[in-house]
Every structure is written in C-alpha cells, then in structure tokens.
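If you read the sequence shown in this note's numbering, its first letter stands for residue 1, the second for the next number, and so on.
Just so it is clear, CB atoms sit at the ideal spot from N, CA and C, and this is done for glycine as well.
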Amino acid sequence: MATLDFSDIQGFVLSSYASNMPCANYLLLTINDAASCRSWLTQILGKITAGNERKSDFSLNIAFTASAFLKLGVTPDDLLTFSAPFQEGMSTPLRQQLLGDSGSNAPANWLWGNAQNPVDILLLLFANGEEELKQQLALRETEILNSRGVTLIISLAAGRQPDSKEHFGFLDGIGQPVIEGTGREEKQLNRTGHATVIKAGEFILGYENEMLKPDPLPRALNIPTFGINGTYLVFRQMEQHVHEFWKYLNETTRDASGNSSPQDRDRLGAKMVGRWKSGAPVTTHPHTDPAIPPAVNQDNNFSFAEKDGSGFGCPFGAHIRRTNPRDSLFDDPAISLKTVKRHRIIRRGRSYGDRSADVFIDDGKERGLHFICLNSNIERQFEFIQQSWANNPSFVALNNETDPLIGQRNEGNVFSIQGCPARTRIHNLPEFVTTKGGAYFFMPGMNALKQLAGGF
Ligand code: HEM
1 MATLDFSDIQ GFVLSSYASN MPCANYLLLT INDAASCRSW LTQILGKITA
51 GNERKSDFSL NIAFTASAFL KLGVTPDDLL TFSAPFQEGM STPLRQQLLG
101 DSGSNAPANW LWGNAQNPVD ILLLLFANGE EELKQQLALR ETEILNSRGV
151 TLIISLAAGR QPDSKEHFGF LDGIGQPVIE GTGREEKQLN RTGHATVIKA
201 GEFILGYENE MLKPDPLPRA LNIPTFGING TYLVFRQMEQ HVHEFWKYLN
251 ETTRDASGNS SPQDRDRLGA KMVGRWKSGA PVTTHPHTDP AIPPAVNQDN
301 NFSFAEKDGS GFGCPFGAHI RRTNPRDSLF DDPAISLKTV KRHRIIRRGR
351 SYGDRSADVF IDDGKERGLH FICLNSNIER QFEFIQQSWA NNPSFVALNN
401 ETDPLIGQRN EGNVFSIQGC PARTRIHNLP EFVTTKGGAY FFMPGMNALK
451 QLAGGF
C-alpha cells in the first residue's frame, strides 16, 4: 500500500470539510500580471491548508486552469504533459460535444469558464460559520484587490443545507470511495456499512492506480515531478430546476381521476435517483421510504447484480446506477467491479442558493449544485461517467434514455422502471439541470505551489 505524503497534498483532496466547515465560498480569478500574481501567491501560501493539518476555523485551497499555468511561465511543451482535457479546457467544441453541453447548457450561455468569461484560478474558502466566512472572505478580497496581479471575476457562495440534502430534496454525499492509504476505511464503514477502497493513484498523482501503474506525472517549471501529490479538479455550476422536477413528478403520477399522489411522486423521484429522499437505497427498499433510522439512510452496503439484477428495485437508468454501476456493468460481477473501480470520482460538491420553501411554487430564484469532483485522469473518470454512462442513450441496453438528473436530453427521452410483468416507461423527460459555468483545474501539491509562487 502507498504511503501518502499528507503534508504535500492539499487538504481538500482528503477532506470535504463538510462536518466542521459548513460555509464555503469559491472565488474565480484571472491573472493580469504574472510577477504580481506570484507575490500574491507567496502572501497566501502559508494559509493554504495541507492534508496533515486539522484546522477548526477556516481552510483555504487553490487550483489553476491551463491558461493560468501558461501565464505563470509553464512552457507549452510542459503543458503537453498534462491531461488533454485540462490542456484544452471544458468549453471547447470537442469537450462541449463529449459532455453534452448543448442548447441551454452551451458554453456560450455560461456565466464563467467560457471564451467571454475565462478563469485562471479557483480559490476555495471554507469556514466554521457565517461570521468566520465573512471575515476571511473580506481578507481574501482585500489581498486580491491590493495584489494588482489577479482580478476577481466571480464569487460563488456555497454551503451545505443543514440536513445534507441537495435541492431536489435527496440526501447527498453518501456514495464515495475511500482513498487507499488515508485510513478512512473504518469511518466509512461505520457511516455507510461499506467501504470501496480505491488505489490512491486514481485521485492523487504519483501513486499506483487501479491499472497498477501511476497516471503520467505532468512536469513544469523544470521540475519533472511537478505533478506529484496533485490532482485534477472538475467544477461545474449546475442550476437545478426544482419546481420543474417536482411538477413533472406530480403530473406524471396522477391517477386516472387526475388526483396527485405524494407517495407515487416520491417513489418516481426515488427511482430516478436510486435512493429515497432519506438516502435509503431503492435496491434494498424498493417500495417505500423507510425514512428512519439514519444507519439505513446512509446504507451503501449493496450491489446490483446480486440483489437487483433485473432492476426491479433500482432501475438500470437511475442516477446512482449509471454513475456507479457497481457489479452490474457486465455479466461477470467481479469483472464489473474491477472495471468500475477505474471510473470513480471523489465528489466534493456543495449546494448553492436558498432551499425552496414550497417546491410546487415557482419562486423564480436560482439554486443548484456547485458540482466539484477530483480525479487523476479526467477522460477516464469524470468525462467517462458523463459521456459513456450518464449521456449514453443505450446504456446497458436501454433505448433513448439518459440520466434522469444530469443526462443530455434528446428528442422524446424516456425513463424506464423495470418491473414484472412489464416495465413502466415515463415519457418526454424535461431538463431538470442546466450547466451555467465550468472549468478544468489542476490542484497542485504544496511543494509545486511554492515553485509556482517563487517563479523559476
Ligand atoms: C445537479 C446535479 C446533481 C444532483 C442533484 C445529484 C444528486 C445525487 C444524489 C442525490 C446522489 C445520491 C446520494 C449519494 O450517494 O451521495 C448522487 C450520487 C452520485 N452522483 Fe450525483 N448529482 C448531480 C450531479 C452529478 C454529476 C455531474 C456526476 C458525475 C458526472 C454525479 C455523480 C454521482 C456519483 C458517482 C454518485 C454516487 C453513486 C454511488 O456510488 O452510489 N452526480 N448524486
């Protein structure tokens, strides 16, 4: 097993800070002068949280786009050693096609991360409360303003909902791999009854991955090991149309006399997600939400092939079954599990915007998920999940279906719920989520950060 260098890995790679730092703000910056940007980096270096620190007040982490690296003196030749999607950026026509960012999701409509509003740096700030966040935010903004090397493009507020539910109303943050070598297996086992331990190299560069070799180590600034202990960070601002979601579930489940049924609409929502609002898996609770106790809600100790091979509990096309098919991708569960381990991500997203007071009233407010995930190989992990599983209309022999939450919509998209004697098909799924911004970042190790700040 690899020995991880916690002091060189940024803290955010190892922790979401969700339990002790519920308040967060993401600052997106551009670089307008390399030398002044380096001075600003030097100034904030001591505040960047490393993986071996246990902070209780605030945490700060930082990541860079390819354009930032070029501005900071990484040569085009060295940039070629980074992952192709990172070099290219998320909003190019090729990436747009791969990710299904068409129509209202097209980069041309984004608030940031596109050609009109490019970003270079992502500063992630977490705090133990609103007051601390306000203070730290004011300090960071003053440093940015005084630096004259970086400009704030947009400041995105985020924060977990008090009960860890995302805006559609479902418990979030359950299905998460454990990085080998972090010693988190027991904690995960206690919380969810299951721990999928994945080789560190899937999430942190420089270590063995699930193919038993490390992903290529990017080099920069004359340092061949620049990429060590770094990771790629994917950020997508995803607006959630909460009212549309519940209106659709309600209309679709009306009975023959036109009456709506709260139980039926909750059940349809749960079948789309793969978990009930409480978090309980539909594989083990196919008919009703057990709602209690929390141990059941966070249950992650299930597989599909063994208990739910026909999709009668969790439909084949449900969000959690598409994004982590576990042992059900191929006929052989063992081969399936082995393959799926090469396509995992660490999710670090947080909700933004106020929670809907009443999901059946359109209050016109924007709310959604600042989706963030970490991986060593953007193509094999994040993009593969989005393109080959979520957006794939014929995923595991389905037809004209895409992920009910995040899939690209095609003409007349359906969602099927497998059942006996016949499946039920739900027609004309609207788009429940719209991508409003996004970029691929690299989150360097602590030593690489120092090199970036110090020039070369
Ligand atoms: C607004 C957008 C999204 C919403 C509302 C959403 C919601 C959820 C919910 C409720 C769960 C189940 C709870 C859990 O296991 O944590 C879940 C799990 C998951 N989601 Fe999403 N999600 C969104 C976007 C994405 C995206 C863009 C991806 C990747 C491309 C993704 C990948 C996953 C994965 C890998 C899991 C865990 C599956 C498992 O291990 O069982 N999600 N999501």
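### Query
Taking DSSP as the reference, what is the three-state secondary structure of His370?
strand
### Message
Let me check understanding here. Comparing Cα to Cα, which of Ser56, Arg367, Ile223, Leu70 lies closest to Leu133?
### Response
Ser56
### Query
Can you give the Cα-Cα distance for Ser376 and Thr339, rounded to whole angstroms?
16 Å
#### Entry: Touching by the beta-carbon criterion (3+ pairs, under 8 Å), the region 433-450 and the region 77-92
yes
### Terminal residues of the beta strand (DSSP E) in which Glu239 lies
231-240
### Message
Using a Cβ-Cβ cutoff of less than 8 Å, which residues in the same chain neighbour Gly353 once the five nearest sequence positions on both sides are dropped?
### Response
His167, Lys365, Glu366, Arg367, Gly368
### Task
Could you pull out every unbroken alpha helix (DSSP H) segment of at least 4 residues lying fully inside the region 146-219, listed in chain order?
185-192
### Task
Buried or exposed for Met446, please, with buried defined as at least 16 other CB atoms from any protein chain shown within 10 angstroms of its CB.
buried
### Task
Return the CA-CA distance between Leu4 and Ile179, expressed in angstroms with no decimal places.
10 Å
### Query
If you draw a straight line from the alpha carbon of Ser164 to that of Ala66, how long is it in whole angstroms?
33 Å
### Task
Identify every run of the beta strand (DSSP E) within the region 280-359, keeping only runs that are complete inside it and at least 3 residues long; order them along the chain.
350-352
### Pairwise C-alpha distance: Leu374 and Leu205
11 Å
### Task
Using 7 Å as the cut-off, classify the Cβ of His241 as near or not near the heavy atoms of ligand 1, replying yes or no.
no
#### Entry: Opposing strand residues paired with Ile121 [DSSP bridges]
Leu29, Phe64
### Query
Which residue from Ala280, Gly258, Ser257 puts its Cα closest to that of Asp266?
Ala280
### Task
May I ask whether a heavy atom of ligand 1 can be found less than 7 Å away from the beta carbon of Asn324?
yes
### Task
Say yes only if the C-beta of Val296 is nearer than 7 Å to one or more non-hydrogen atoms of ligand 1, and no if none qualify.
no
### Near ligand 1: Asp289 beta-carbon under 7 Å from a heavy atom
no
### Message
Using 8 Å for Cβ pairs, my map puts Ile121 next to Ile48. What's the rounded Cβ distance?
### Response
So it is not a contact: roughly 12 Å between Cβ atoms.
### Query
Would Asn413 pass as a contact of Leu429 if the rule is Cβ separation under 8 Å?
yes
### Own chain, CB closer than 7 Å to Glu53, minus 5 neighbours either side, in chain order
Gly11
### Task
Evaluate the contact criterion for the region 355-363 versus the region 69-81: three or more CB pairs, one atom per stretch, below 8 Å.
no
### Rounded separation between Leu337 and Asp289 - CA only
27 Å
### Minimum C-alpha distance to Thr323 - residue among Val396, Asn190, Leu45, Asn128
Val396
### Query
Using the rule of at least 16 other Cβ atoms within 10 Å of the residue's Cβ for burial, across every protein chain shown, is Thr192 buried or exposed?
buried
#### Entry: beta strand (DSSP E) segment containing Arg425, residue limits
424-426
### Task
Please work out which residues of its chain come closer than 8 Å, Cβ to Cβ, to Leu94, disregarding the five sequence neighbours upstream and downstream, and give them in chain order.
Glu88
### Task
Identify every run of the beta strand (DSSP E) within the region 84-144, keeping only runs that are complete inside it and at least 3 residues long; order them along the chain.
121-127
### Message
Within the continuous alpha helix (DSSP H) that includes Ile44, where are the two ends?
### Response
34-45
### Message
Using DSSP's beta-bridge definition, name the partner residues of Phe415.
### Response
Ile426
### Task
Pick out whichever of Asp332, Asn300, Cys37 has its Cα sitting closest to the Cα of Arg321.
Asn300
### Query
What is the rounded straight-line gap between the Cα of Asp332 and the Cα of Ile153?
49 Å
### Query
How is Thr252 classed by DSSP in three states: helix, strand or coil?
helix
### Query
When you compare only the Cα positions, how much space is there between His343 and Pro177?
11 Å
#### Entry: DSSP three-state assignment for Arg54, whether helix, strand or coil
coil
#### Entry: Extent of the continuous alpha helix (DSSP H) run through Val74
Counting along the chain, Val74 falls outside any alpha helix (DSSP H), and DSSP gives it neither H nor E.
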